[in-house]
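S.K.:
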Amino acid sequence: MFDLQKLERNRAKSYAFIKGSNFHQFVCDDILNRLEPVDRDFKDILVIGSALGEMVCADVKKHYPNSNISLTSEVDNLEQQSKDHQSKDHQSKDHQSKDHQSKFDLIIFPFGLHWVNDVQIFLAKIKRMLTDDGVFICSFPAAGTLPKLRLHLVQLEEKHSTSHVPHISPFIQFEQVTQLLQQAGFVENIIDTENLELEYDSPLALMRALKNHGESNALTCAPVYSITKAMHKELGKKKESDSEGISSGTGEEKDSAEEADMKEDSFIDFVNLTSFISSATKKTIKLKPKYFQG
């Protein structure tokens, strides 16, 4: 479904932008905020991701300074990463079994599951790479992400009698997450979702932002040129406001009216950021005592 080489090229081009992105910093902070209450001192940690992965690694090291942290961007070659981890970090630990040496007690995958070709196989690999009480934490955009941009593109294709092509990849349904995790052998799962608002001057501005963040269309079926000049022109238009810019009332009322007008002139869409923290063993994800205090 996805051209992973194209995806890596997109993200390589966006490397510097991602490292300075407020959105990706939010994703990174969100991952750490979800880990912080867990009453565990993780020792062997794997982070999956390139630029965002580096950001997560830096923050994880602050929280777990004595841990061994590995980073990989090769989603399709994870089990090789496990073998490399074994030879690199545990050569001197002859008293440990080979099976234990090759595993991690924490794997972090920030904002990447939506680009995995076979989620079921991927989750099964993750489970094999975890210790028996290991924890997997992941965040990704789920179904309900970019609904307005998707609809707008379809409407423009109809308006200009252009054949429909997929501009935005399909996303995992929130309702499917539990089933996918359970089928892979994860029996303890904490899952939630948060709707993040995106505000841009126009649909085209949002599309450019997606490109800058390394999230351009990487579907194998996507043509090289899928947007006509006429569509491109309309995508760049700001939303027309019905307001004539006249307002009355108190200062606070005027400020509120101006803010409403600004929002009305913007193109607003959403990211349905879904996160889960999972383990293959029950009663593994325990909270620190302070979180039980009133």
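Count along the sequence shown starting at 1, add 271, and that's the number in the numbering used here. C-beta atoms are modelled at their ideal positions from N, C-alpha and C, and glycine is treated no differently.
If contact is defined by three or more beta carbon pairs under 8 Å, each pair taking one atom from either stretch, is the region 544-554 in contact with the region 410-424?
M.R.: Yes, the region 410-424 touches the region 544-554.
S.K.: I need the straight-line Cα distance from His435 to Ile548, nearest angstrom please.
M.R.: Distance between the alpha carbons of His435 and Ile548: 37 Å.
S.K.: Going by DSSP, which residues form a beta bridge with Phe407?
M.R.: Paired residue(s): Ile378 and Ser549.
S.K.: According to DSSP, Val425 sits in a beta bridge with which residue or residues?
M.R.: Paired residues: none, contrary to the question.
S.K.: Just verifying my parser: in three-state terms, what is the DSSP assignment at Ile461?
M.R.: In this structure, Ile461 counts as strand in the three-state DSSP scheme.
S.K.: Which of helix, strand or coil does DSSP assign to Lys284?
M.R.: If DSSP states are grouped into helix, strand and coil, Lys284 belongs with the helices.
S.K.: Under a three-way DSSP split, which group does Thr449 fall into?
M.R.: Reduced to three states, the DSSP call for Thr449 is helix.
S.K.: Buried or exposed: where does His385 fall if 16 or more other Cβ atoms within 10 Å of its Cβ makes it buried?
M.R.: Counting Cβ neighbours within 10 Å, His385 comes out buried, since at least 16 surround it.
S.K.: Note down, in chain order, each residue of its chain lying with its Cβ closer than 8 Å to the Cβ of Pro412, except the 5 sequence neighbours on either side.
M.R.: Taken in chain order, the residues that qualify are Phe382, His385, Phe442, Val542, Asn543, Leu544 and Thr545.
S.K.: Which of the three DSSP states, helix, strand or coil, is assigned to Val318?
M.R.: Of the three classes helix, strand and coil, the one that applies to Val318 here is strand, per DSSP.
S.K.: Which residues mark the beginning and the end of the alpha helix (DSSP H) in which Ile340 is found?
M.R.: Counting along the chain, Ile340 falls outside any alpha helix (DSSP H), though it belongs to the beta strand (DSSP E) covering Asn339 to Thr343.
S.K.: Taking all protein chains shown into account, decide if Ala455 is buried (16 or more other Cβ within 10 angstroms of its Cβ) or exposed.
M.R.: Buried, by the Cβ-count rule.
S.K.: Find the nearest neighbour of Lys482 within the set Phe273, Lys284 and Asp274, judged by alpha-carbon distance.
M.R.: Measuring from the Cα of Lys482, the nearest candidate turns out to be Lys284.
S.K.: Of the choices Lys430, Tyr286 and Thr449, whose alpha-carbon is the least far from that of Gln391?
M.R.: Measuring from the Cα of Gln391, the nearest candidate turns out to be Thr449.
S.K.: Since Leu349 and Leu394 should fall inside the 8 Å C-beta cutoff, what is the C-beta to C-beta distance between them, to a whole number of angstroms?
M.R.: About 11 Å separates the two Cβ atoms, so there is no contact after all.
S.K.: If contacts are defined as beta-carbon pairs under 8 Å, then Val309 and Leu558 qualify, I think. What distance do you get, rounded to the angstrom?
M.R.: Contact holds; Cβ gap of about 7 Å.
S.K.: What residue range is occupied by the uninterrupted alpha helix (DSSP H) comprising Lys503?
M.R.: It is His, not Lys, that sits at residue 503 in the sequence shown. Where His503 is concerned, the enclosing alpha helix (DSSP H) stretches over Lys500 to Leu506.
S.K.: Round the Cβ separation of Asn281 and Ser487 to the nearest angstrom and send it over; I've been treating them as touching at under 8 Å.
M.R.: At roughly 5 Å, the Cβ-Cβ gap stays under 8 Å, so Asn281 and Ser487 are in contact.
S.K.: Is the beta carbon of Ile556 less than 8 Å from the beta carbon of Ile461?
M.R.: Yes, the Cβ-Cβ distance between Ile556 and Ile461 is below 8 Å.
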